[in-house]
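The next block holds one structure in the form of structure tokens; read it before the comments.
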Amino acid sequence: MMESKKEKSKKDWERILTKEQYQILREKGTDPPFKGKYWNHKDKGIYYCSGCGNPLFNSETKFESGTGWPSFYKPIEIDNISTKKDVSHGMERIEVLCNRCGGHLGHVFEDGPQPTGLRYCINSTSVNFCDLCCDFSKITQNFSK
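Position 140 (the sequence shown) corresponds to 204 in this note's numbering; numbering is contiguous.
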């Protein structure tokens, strides 16, 4: 279950996040295709929000979409994300946001595999990874400080 939302000021986010994370999570930027840390990542584990530690995607739902961005067919918990209409850059898309901190994660498209038919196209910079051997509770404790 998702924890309560994390409200932070612009200055707080600038202090907490790297320049790259701030540009993607707070200013709705996009990683270049085939350049992000996780686009071709094959390890088993959990992808979580790099802004607040919210668990977002399980590696079991990751698939190769050919787009150059990490792609998943469903989130760990649907309540851990939110979506909204995005009409930027002359396109109409559905933006995916972290439901805890409001960070921009990427977009969702209706061209994914079964069982959902969805493709959550996520920026590598928006997430971090915890393999099956790590203690995820310690990670979430770091974000609650």
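Where is the CB? At the ideal position from N, CA and C, for every residue including glycine.
Item	Value
My output table needs one value for Y86: the three-state DSSP class, helix, strand or coil.	helix
Considering I145, what are the terminal residues of the alpha helix (DSSP H) in which it resides?	Run containing I145: none in the alpha helix (DSSP H); it sits in the beta strand (DSSP E), 145-150.
Pick from E78, Y102, L161, G115: whose alpha carbon is nearest that of I142?	L161
Thinking just about the alpha-carbon of each residue, which of T125, K99, R157 is nearest to the one in I140?	T125
Determine the burial state of F127: buried for a count of at least 16 other Cβ atoms within 10 Å of its Cβ, exposed for fewer.	exposed
Would you report the Cα separation of G167 and S190, rounded to the nearest angstrom?	8 Å
Starting from I110, follow its DSSP beta bridges and name the residues at the other end.	N122, C194
In whole angstroms, what separates the C-alpha of E78 from that of K92?	14 Å
Taking the Cβ atom as the reference point for each residue, do G170 and N192 lie within a distance shorter than 8 Å?	no
Any heavy atom of the ligand NAP within a distance shorter than 7 Å of the CB on Y86?	Ligands are entirely absent from the displayed structure, and the ligand NAP is therefore not among its contents.
Could you check the C-alpha separation between W133 and T180 for me, to the nearest Å?	19 Å
What distance in whole Å lies between the Cβ atoms of Y112 and N104, which are believed to be in contact at a cut-off of 8 Å?	Contact flag wrong, Cβ pair sits at about 19 Å.
Taking T131 and C194 to be in contact with their CB atoms under 8 Å, please state how far apart those CB atoms are, rounded to whole angstroms.	Not really, about 24 Å apart at Cβ, beyond 8 Å.
In whole angstroms, what is the alpha-carbon distance linking T94 and I88?	6 Å
Could you give the distance in angstroms between the alpha-carbon of S135 and the alpha-carbon of L81?	23 Å
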